[in-house]
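Residue numbers (my numbering): 1258 to 1682.
These notes are about the structure you will find just below.
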Amino acid sequence: MSFENTLEFAKQMDEKDPLINFRDKFYIPIINKKQCIYFVGNSLGLQPKTTQDYIYKELENWANYGVEGHFHTETPWVDYHDIFTEPLSKIIGCLPKEVVVMNHLTVNLHLLLVTFYRPTKKRYKIICEAKAFPSDQYALESQVKLHGYKPDDAIIEVAPRDGEFNIRTEDILATIEKHKDELTLVLFGGINYYTGKVFDMKTITAAAHKAGVYCGFDLAHAAGNIELKLHEWNVDFACWCSYKYLNSGPGNIAGAYIHERFVTDTSLPRMAGWWGYDKESRFKMTKNFKPIPTAEGWQLSNSPIISMAAHKASLDIFEEAGMENLLKKSKFLTGYLLFILEEINSSKKKKIEIITPKKEEERGCQVSMLMLENGKDIFDALKKYGVLTDWREPDVIRVAPVPLYNTFEDVYQFGQMLQHITETK
Ligand SMILES: Cc1ncc(COP(=O)(O)O)c(C=O)c1O
């Protein structure tokens, strides 16, 4: 598609956008008495206008029914989490029985590592990305120590080559091959949080399996942002949060995926709790854990319904919009952003190094801009002008136009402001 750096073009694109009305379903924060340009859905997604009603409904149920709400409300709390399996299976690309909503992202990562990090004397190493999100690094370090190994020895990091920003798939594959005899797990992000690069999950999973080891992904930046086909790609396990692209509120409930070949395997080690116990006989309260034969078998505690109501409000919007439609728009919207940034770069001296891959299949909606001069000042000035982006030390501004609520005009206006600021800083 050929883009134009004009307001007229951006407005035309918005007029033609079949998803344009979805923006009105969200509260857009106000800066300088007008709606800001919100480009930080990669950090915290916006609040749907329906969220308060969904939460209020469950508060009312609690007021009216008390404990009976577990069984006698429209969506009884005892099985409330079941309403997520269908919509999430479309977003994650899996079977409904492979997905469960529970806990928080890092908690779920630990629970999944209990099952899938099974080191032996000979095979105890993990391959992961260098500079993975810190919580993942800490989770891996602590799991490795729990089993009596040293993180420096047991964790092998794959880094970008000198002078490059992104890790090459071929280097991941070569590292797996090199260490295959001492390896037990491969764990990557679906998208690197810093650069926005999408990892080739299908190819990495196949290489891990060829080496005879499990492969899992942290999908914090991928869920609700890119096309995922976890089941088809044969991924063993994954986890994600719901507060970024899934718009479910700060620190809200997270999700986990476990491939169907494991969900009925009662021999796998796992942490257990009563909410993972066979639903038919859970309330008999007997000894000896009997897991639900789906991903739900990894649940520990009963569900936080108030939080889940906010998740439901958001996933209903995803159902209405359709993931395939969002992906289609996202490609154009971020494509337009990349076009505008190139225009800015070509207008005078190059000011921005784009470290996100340009190829559509290697990026989601996030673009990471390495600022060659005055990065922090430019970031601060953008905020003053009403554009929310996010700053990552030492010199990166991340911007994420989200197809559910951002417009082509947002991207155009952002470009105008960035151009002006970079020329005056
Ligand atoms: C890639 C990634 N992994 C893990 C986390 C930590 O998530 P939580 O605090 O929900 O456990 C984040 C948070 O932003 C993240 O971006």
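Even for Gly, the Cβ is constructed at its ideal location relative to N, Cα and C.
Computed from a predicted structure; not experimentally measured.
Asked                                                                                                                                                       : Found
Using the Cα positions of ASN1504 and PHE1445, report the straight-line distance between them to the nearest angstrom.                                      : 23 Å
DSSP state of LEU1303, grouped into three classes?                                                                                                          : coil
Could you check where the beta strand (DSSP E) with VAL1659 kicks off and where it finishes?                                                                : Note, VAL1659: premise wrong, no beta strand (DSSP E); not H, not E.
In the DSSP assignment, find the beta strand (DSSP E) that holds GLY1512 and state where it starts and stops.                                               : 1512-1515
In chain order, what residues of the same chain lie with their CB nearer than 7 Å to the CB of HIS1329, ignoring the 5 residues before and after it?        : TYR1322
Given HIS1488, which residues of its chain have a CB within under 8 Å of its CB, disregarding the five upstream and five downstream residues?               : GLY1350, CYS1351, LEU1352, GLU1355, HIS1516, GLU1517
Where in the stretch 1477-1552 do unbroken runs of the beta strand (DSSP E), each at least 3 residues long, occur, reported from the N-terminal end onward? : 1494-1497, 1512-1515
Is any non-hydrogen atom of ligand 1 found closer than 7 Å to the C-beta of GLY1326, if you look at the structure I gave you?                               : no
Starting from the Cα of CYS1498, find the closest Cα among TRP1334, LEU1345, PHE1260, PHE1279 and give me that residue.                                     : LEU1345
Excluding five sequence neighbours on each side, which residues of the same chain lie with their C-beta closer than 6 Å to the C-beta of THR1551?           : LYS1354, VAL1520
Report the three-state DSSP secondary structure of MET1674 (helix, strand or coil).                                                                         : helix
Run through DSSP, which three-state label would SER1564 get?                                                                                                : helix
Within 10 angstroms of the Cβ of GLU1537, are there 16 or more other Cβ atoms? Answer buried if so, exposed if not.                                         : exposed
If you draw a straight line from the alpha carbon of PRO1658 to that of TYR1284, how long is it in whole angstroms?                                         : 15 Å
Sorry if obvious, but does the Cβ on GLY1200 come closer than 7 Å to a heavy atom of ligand 1?                                                              : Because the chain in this structure spans residues 1258 to 1682, residue 1200 falls outside the shown range and cannot be described.
What are the boundary residues of the alpha helix (DSSP H) that includes LEU1316?                                                                           : 1308-1322
Verify the contact flag: HIS1361, CB atom, against every heavy atom of ligand 1, threshold strictly below 7 Å.                                              : yes
Could you check which residue in LEU1598, GLU1680, HIS1677, LYS1608 has the C-alpha nearest to that of VAL1656?                                             : LEU1598
One question on the structure: do ASP1652 and MET1674 come within less than 8 Å of each other, judged by their Cβ atoms?                                    : no
Should TYR1450 be counted as a contact of ligand 1 given a C-beta to heavy atom distance under 7 Å?                                                         : yes
Going by DSSP in three states, LEU1276 sits in which element: helix, strand or coil?                                                                        : coil
Tell me, please, which residues DSSP counts as bridged to GLN1292.                                                                                          : ILE1287
Do you know offhand how far VAL1357's Cα is from SER1399's?                                                                                                 : 24 Å
On the criterion of 16 or more Cβ atoms from any shown chain inside 10 Å, does ASN1299 qualify as buried, or is it exposed?                                 : buried
For ligand 1, any of its heavy atoms closer than 7 Å to the Cβ of ALA1464?                                                                                  : no
Where do the N-terminal and C-terminal ends of the beta strand (DSSP E) with LEU1442 fall, by residue?                                                      : 1440-1446
For GLY1420, list the residues DSSP reports as bridge partners.                                                                                             : Its beta-bridge partners do not exist; DSSP assigns none.
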